[in-house]
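Residue numbering for the sequence shown follows full-length UniProt numbering, starting at 1 and increasing by one per position.
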Amino acid sequence: MKQRYSLLSFAVIAACYSNYAVSDLKQQCLLGVPQFKGEVVEGDQLKMPVTIESDSAAINQPRDATYTGNVTIKQGNRSIWADQVRVEQDGENARMAYLQGNFNYQDNLIQATGTDASIYLLSKDARLSNANYQLVGRQGRGTAEYGEFGNNKRTLKNASFTSCLPDDNAWKIEANEMIQYVEEEYAEMWHARFKVLGVPVFYSPYLQFPIGDRRRSGLLVPSFERSNKNGWTYSQPFYWNIASNMDATITPTYYSRRGWQISPAFRYLSRMGQGLVATEYMAKDSLTEYQPENNDRKRYLLHWRHIIDLLTNWRFSVDYTKVSDRRYFSDFDSAYGRSTDGYATQNFTLGYYQPNYNLSISGKKFQTFDELNIAPYRVLPQVDFNYYKHNVIKDGNVTFFAQAARFENNSKLMPKAWRFHAEPALSFPLANRYGSLNSETKLYATHYLQTKGSESTEDVKKRVSRVIPQIKLDFKTILESDKQFFSGFNQTVEPRLQYIYRPYKNQSGIGSKDQRSVSLGYDSAMLQNDYFSLFNDRRYSGLDRISSANLITAGGTTRFFNNETAEEVFNLSVGQTYYLSPSKIGDTSDNSIAKRSSSWAAESNWKFHKKWNWHGSYQYDTRLNQTALANMSLQHKPQLDKLIQLNYRYASKDYINQNLNTNRYDQSIKQVGAVLGWAVTDKVSVMTSYYHDLALKKPVEGQFSLNYNTCCWAANVYVARRLVSTPVGLPDTINNFYYDNKFGINFELRFGTNYSNGVSRMLKRGIIPYTEPYGIN
Numbered sequence: 001m002k003q004r005y006s007l008l009s010f011a012v013i014a015a016c017y018s019n020y021a022v023s024d025l026k027q028q029c030l031l032g033v034p035q036f037k038g039e040v041v042e043g044d045q046l047k048m049p050v051t052i053e054s055d056s057a058a059i060n061q062p063r064d065a066t067y068t069g070n071v072t073i074k075q076g077n078r079s080i081w082a083d084q085v086r087v088e089q090d091g092e093n094a095r096m097a098y099l100q101g102n103f104n105y106q107d108n109l110i111q112a113t114g115t116d117a118s119i120y121l122l123s124k125d126a127r128l129s130n131a132n133y134q135l136v137g138r139q140g141r142g143t144a145e146y147g148e149f150g151n152n153k154r155t156l157k158n159a160s161f162t163s164c165l166p167d168d169n170a171w172k173i174e175a176n177e178m179i180q181y182v183e184e185e186y187a188e189m190w191h192a193r194f195k196v197l198g199v200p201v202f203y204s205p206y207l208q209f210p211i212g213d214r215r216r217s218g219l220l221v222p223s224f225e226r227s228n229k230n231g232w233t234y235s236q237p238f239y240w241n242i243a244s245n246m247d248a249t250i251t252p253t254y255y256s257r258r259g260w261q262i263s264p265a266f267r268y269l270s271r272m273g274q275g276l277v278a279t280e281y282m283a284k285d286s287l288t289e290y291q292p293e294n295n296d297r298k299r300y301l302l303h304w305r306h307i308i309d310l311l312t313n314w315r316f317s318v319d320y321t322k323v324s325d326r327r328y329f330s331d332f333d334s335a336y337g338r339s340t341d342g343y344a345t346q347n348f349t350l351g352y353y354q355p356n357y358n359l360s361i362s363g364k365k366f367q368t369f370d371e372l373n374i375a376p377y378r379v380l381p382q383v384d385f386n387y388y389k390h391n392v393i394k395d396g397n398v399t400f401f402a403q404a405a406r407f408e409n410n411s412k413l414m415p416k417a418w419r420f421h422a423e424p425a426l427s428f429p430l431a432n433r434y435g436s437l438n439s440e441t442k443l444y445a446t447h448y449l450q451t452k453g454s455e456s457t458e459d460v461k462k463r464v465s466r467v468i469p470q471i472k473l474d475f476k477t478i479l480e481s482d483k484q485f486f487s488g489f490n491q492t493v494e495p496r497l498q499y500i501y502r503p504y505k506n507q508s509g510i511g512s513k514d515q516r517s518v519s520l521g522y523d524s525a526m527l528q529n530d531y532f533s534l535f536n537d538r539r540y541s542g543l544d545r546i547s548s549a550n551l552i553t554a555g556g557t558t559r560f561f562n563n564e565t566a567e568e569v570f571n572l573s574v575g576q577t578y579y580l581s582p583s584k585i586g587d588t589s590d591n592s593i594a595k596r597s598s599s600w601a602a603e604s605n606w607k608f609h610k611k612w613n614w615h616g617s618y619q620y621d622t623r624l625n626q627t628a629l630a631n632m633s634l635q636h637k638p639q640l641d642k643l644i645q646l647n648y649r650y651a652s653k654d655y656i657n658q659n660l661n662t663n664r665y666d667q668s669i670k671q672v673g674a675v676l677g678w679a680v681t682d683k684v685s686v687m688t689s690y691y692h693d694l695a696l697k698k699p700v701e702g703q704f705s706l707n708y709n710t711c712c713w714a715a716n717v718y719v720a721r722r723l724v725s726t727p728v729g730l731p732d733t734i735n736n737f738y739y740d741n742k743f744g745i746n747f748e749l750r751f752g753t754n755y756s757n758g759v760s761r762m763l764k765r766g767i768i769p770y771t772e773p774y775g776i777n
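This is the structure:
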């Protein structure tokens, strides 16, 4: 019976045998190039004495001298070996050495062999014939029928160049004329032919490429891809080294089913800060299945990221991303966003920072990708002030937060508002060897100036004020056990108990009924329900809905430490909130808290081996009487570029709908997956991942990527199958989902500056990228 292996099983089998073949590619490559022997002599080389040794010499004073047999000439860092050398000693060509027969030239930058040469001993000028040259300490070699070598310039006739090691003829570039600029670290070629295994594959009348680490303008390696959705895709990036502090990459991309897209990206670093401006533009999307709103087939993305430190205490930052339509990230792979993010942010912040306070003004807007008719509010301006001072009174710390914000919405049905908020707090932390107790009093004082929507029939209160006091007691302690429950490990138990009281305040006058059906206030407010958020002051992240509270939160963490290394190897945290009275926001109790107890949360990490780590978290919702969230990750990572990870993630549909205030989701999320990234050998690396949704009973994503590395070139081949949403009407839709199959290949020429095995880059590919699990320090 024949055995059949899947791509995943092949990768696992290959990984099991990889430990026998792993070595450092960079070290191997550098071992294959000549290294300068001895110490590099500093100073003016031309002022250093010249020594000549040979088997015999015929000196014709004062005109010339001829040295024969094992001739050696040394000056500073350069050495010359030849069969016969004649040195002019008088006239215009004084100190010119003529090498006859075979020669070998070496210095700290280059080595060359050939027949017949002339070298000027008072400069670095040289003329070589039938030369083979090799760069010293880095990859780069070639041949030249004739060459003129100067201090900063090498001119070669009928020459070739390759970064491959000797006896490796994978690729080379031949040219009628080549000029290498030593200090600028680049080369120019005229009538260049690019050959692969000796076969010409490309011709250019002019070509420029790097011979060092400096950035140079020119074409980058193209990429090819084939997918069901886009057809054939070809991208040809062009790099433009504008100046030492700015550059740009311009990438035209052709989609056989969509058309042309242009993607320029500009990076800069100046006194005005550092940042990136990037765009992606397609004048007309020709995909027939794409049905845009208003028949506008133009697709684009705009991204701007900027940060600057002004003077000493000021900082300004921008993070702006805008796309033409909500399906953009589903249709195009972009470095500036993913379809799984659900939204794009557009915000800026100008801040002033001092040791005890800071002040900032900002604006914020979200571009969402869902189908809701009413988008989130934009905030402009938002002014925040924070003040903190320790020991204002005896053992008392004061904090003060204030905010003024303006909220507007694109929908004319939604009200507009100014919100003014002040939040002073006074705390008294007490600590001794038994534990710590922090008692805090806080006041939430908020005032709204509201205006109804211009097309809304619903009235809103023009002025709404809300003042809510709060008292909090937070007790923590660390108990260390004298007994060792497990041999070789110390254990700590860290219980925590918190009490919060906040009286009820009717907040039904804030916003409109339509608004509350979309979000919980002007700013989006999500429920916070993991273990660490159990000890937050408020259930909702926003300021518009502050529920009443009379609750006790109890939790704790236990940790185990290795006695010998003091390294934490295990922890477990468990917590739950108990409501002494129902929590209320508006006229009635908070519907999400129908019972006295909240969801309880547990989180754990276990580093049971220096190469193995397990992480898990679990939340049970007592209001829904069901598991709300759960996830688990098991990872084996023996080295930085070798890992195997198994994942499970779950989210209840009722929990999702409750948090998003919608009934749109009729399916829970139940996904299992595996990721493998492994440097099999110094040349071969693989990555494969597979995710399956148990609720949909469909594979979500599967991909396989193979990277092959050598000293002078690399290739990456990948295949992927992804379940993506699509507008209703496509012929291949299955419950509004379809599979997009992709195949791609990328080549990379290496000039001795990059030895990456590609594992980290491959792991980032996919709609569910690899993430490092929470580690124990």
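Beta carbons: idealized from backbone N, C-alpha and C, even for Gly.
Query, Result
"Can you give, in chain order, each stretch of the beta strand (DSSP E) that sits fully within the stretch 439–494 and has at least 3 residues?", "463–476"
"Provide the residue span of the alpha helix (DSSP H) that contains residue 330, from first to last.", "328–331"
"Apart from the five residues just before and just after residue 516, which ones in its own chain have a Cβ nearer than 7 angstroms to its Cβ?", "A caution first: residue 516 carries a pLDDT of 47, below 50, which makes its placement in the model too unreliable to give a value."
"Name the one or two DSSP bridge partners that residue 146 has.", "129, 157"
"For residue 835, count neighbouring C-beta atoms within 10 Å of its own C-beta (all shown protein chains included) and say buried if the count is 16 or more, exposed if not.", "Since the first residue of the chain shown is 1 and the last is 777, residue 835 is not available in this structure."
"For residue 591, count neighbouring C-beta atoms within 10 Å of its own C-beta (all shown protein chains included) and say buried if the count is 16 or more, exposed if not.", "Confidence at residue 591 is low in this model, with a pLDDT of 48, below 50, so its placement is unreliable and the value that follows should be read with caution. So residue 591 ends up on the exposed side."
"Return the CA-CA distance between residue 739 and residue 722, expressed in angstroms with no decimal places.", "5 angstroms"
"How big is the Cα-Cα spacing for residue 163 and residue 707?", "19 angstroms"
"Grouping DSSP H, G and I as helix and E and B as strand, with all else coil, what is residue 820?", "The structure shown does not extend to residue 820, since the chain is modelled only from 1 through 777, so no value can be given for it."
"Going by alpha carbons, who is nearest to residue 771 out of 703, 368, 633, 317?", "633"
"Residue ranges of each beta strand (DSSP E) run of no fewer than 3 residues wholly in the stretch 591–647, ordered along the chain?", "597–609, 612–621, 626–639"
"Check whether the Cβ atoms of residue 490 and residue 400 lie closer than 8 angstroms to each other.", "no"
"How would you call residue 430, buried or exposed, if buried means at least 16 neighbouring beta carbons within 10 angstroms?", "exposed"
"So, at 8 angstroms on beta carbons, what are the nonlocal neighbours of residue 183 in its own chain, with the 5 sequence-adjacent residues on each side left out?", "152"
"So for residue 764, helix, strand or coil by DSSP?", "coil"
"Under 8 angstroms Cβ to Cβ from residue 757, same chain only, skipping five residues before and after it: list those, please.", "25, 641, 679, 682, 685, 707, 709"
"Just list the residues that DSSP pairs residue 36 with in beta bridges.", "Answer is none; residue 36 lacks a bridge partner."
"Look at the alpha carbon of residue 636 and the alpha carbon of residue 688, and state the distance between them as a whole number of angstroms.", "15 angstroms"
"If residue 606 and residue 620 are in contact, beta carbons under 8 angstroms, what's the gap, nearest whole angstrom?", "Between residue 620 and residue 606 the Cβ distance is about 21 angstroms, and since that is not below 8 angstroms, they are no contact."
"Restricting to runs no shorter than 4 residues, where is the alpha helix (DSSP H) found entirely within the stretch 158–208?", "none"
"For residue 324, collect the residues of the same chain with a Cβ closer than 7 angstroms to its Cβ; drop the 5 residues on either side in sequence, then sort them by chain order.", "298, 299, 300"
"Assign residue 713 to one of two classes, buried (16 or more other C-beta atoms within 10 Å of its C-beta) or exposed (fewer than that).", "buried"
"Just the Cα atoms here: how many angstroms apart are residue 340 and residue 200?", "44 angstroms"
"Can you give the Cα-Cα distance for residue 741 and residue 479, rounded to whole angstroms?", "55 angstroms"
"Report the option in 172, 195, 761, 395 whose CA atom is closest to the CA atom of residue 746.", "761"
"Per DSSP, which one or two residues make a beta bridge with residue 319?", "305, 347"
"Return the residue from the list 137, 191, 270 that minimises the CA-CA distance to residue 156.", "191"
"When the Cα atoms are used, what is the spatial distance from residue 413 to residue 580?", "39 angstroms"
"Tell me whether residue 225 is buried or exposed, calling it buried when 16 or more other Cβ atoms sit within 10 Å of its Cβ.", "buried"
"Does the stretch 38–46 touch the stretch 69–82, meaning 3 or more C-beta pairs lie closer than 8 angstroms?", "yes"
"Where do the ends of the alpha helix (DSSP H) carrying residue 27 lie?", "25–31"
"What did DSSP end up calling residue 407 once you bin it into helix, strand or coil?", "strand"
"Please name the residue in 37, 469, 33, 86 whose C-alpha comes closest to that of residue 142.", "33"
"Throw me the rounded Cβ distance for the residue 566 and residue 497 pair, which I believe falls under 8 angstroms.", "Rounded, the Cβ-Cβ distance is 28 angstroms, inconsistent with contact."
"Use the C-beta contact count for residue 101: other C-beta atoms within 10 angstroms, 16 or more gives buried, fewer gives exposed.", "exposed"
"Quick check: what's the CA-CA separation for residue 494 versus residue 442?", "26 angstroms"
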